[in-house]
Every structure is written in structure tokens, then in C-alpha cells.
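Undergrad: Each residue of the sequence shown is one higher than the one before, starting from 60 at the first, in our numbering.
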Amino acid sequence: ADKVLAQQPVGAWLKIQYRVAGWLALDNVRKMIGIHRSRVLFTGAAPISPELIKWYLALGVPMLEVWGMTETCGGSSGVPAQRIKPGTIGPAAAFNEMKIDPATGEILVRGKNVFAG
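1. What does N155 pair with, by DSSP beta-bridge criteria?
2. Mind listing, in chain order, the continuous beta strand (DSSP E) runs of no fewer than 3 residues lying wholly within the segment 99-145?
3. If you draw a straight line from the alpha carbon of P150 to that of G137, how long is it in whole angstroms?
4. Alpha carbon to alpha carbon, what distance is there between F174 and I112?
5. Can you tell me where the alpha helix (DSSP H) holding R96 begins and where it ends?
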């Protein structure tokens, strides 16, 4: 997980070790917690621990953080799977404009998906 988060190449020997760990334990762990068919997980309720993101990545299922509100009809930004960085919400979705209000620190969102008012 650390190499993936640091965007470093994963060597052949580590890939082999991971495959063996999958056969011996990780496949069963993924089944027990109900994510054995998942290719990616999303979280967006509240900030999540970077250690938990690393844990899921070590299981072989990346967890991506997204941000949105009821007023924006769901996700307004998200971290791309190729650039996981715990503690960030990623760039704005293509259908949104986002900026930080310098006076209040509030996230401002504009787009067709945002409620009026």
C-alpha cells in the first residue's frame, strides 16, 4: 500500500508475495467483510483515517474519498484511483466549479447539479 500511495513501482517479488498472501488469507478477509466482488470503494460521509485507506488498499481494494452534499446531488469532487492521497477530496468533478471562500474557508460549488437557493 505504501508503494502505491507513493506512486512507486511495485517489484515482481512483492507482487508474488502479495499473490500468495491473497491465496492464504486476503481473499478470505475480503469475503468475510463483503468486498470480495468490489474493484473500488468510495467513502464520503466524514473524513476517514489514512490508516483505514491504507488497510483497504493492502487488501487490494482501493478506497477513494469523495466530497459532496445533499445540495449538490451527491459527489462534487473525488480522488482518481491512480492518485490516491489520504486526507484529500480530489479535484472538482467535470460538471462543477469549486473554490474556497478566502474569508470563511467555506467550499463554494457551482454547477447544474446544485440546488438553487
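Glycine included, every Cβ here is placed at the ideal spot set by N, Cα and C.
TA: Reading from the atomic positions:
1. Under DSSP, N155 shares a beta bridge with G170.
2. For the segment 99-145, whole beta strand (DSSP E) runs of length 3 or above, ordered along the chain, are 100-102, 122-128 and 133-137.
3. Separation of P150 and G137 (C-alpha to C-alpha, rounded to the nearest whole angstrom) is 6 Å.
4. Roughly 31 Å separates the two Cα atoms.
5. Where R96 is concerned, there is no enclosing alpha helix (DSSP H), given that its DSSP letter is neither H nor E.
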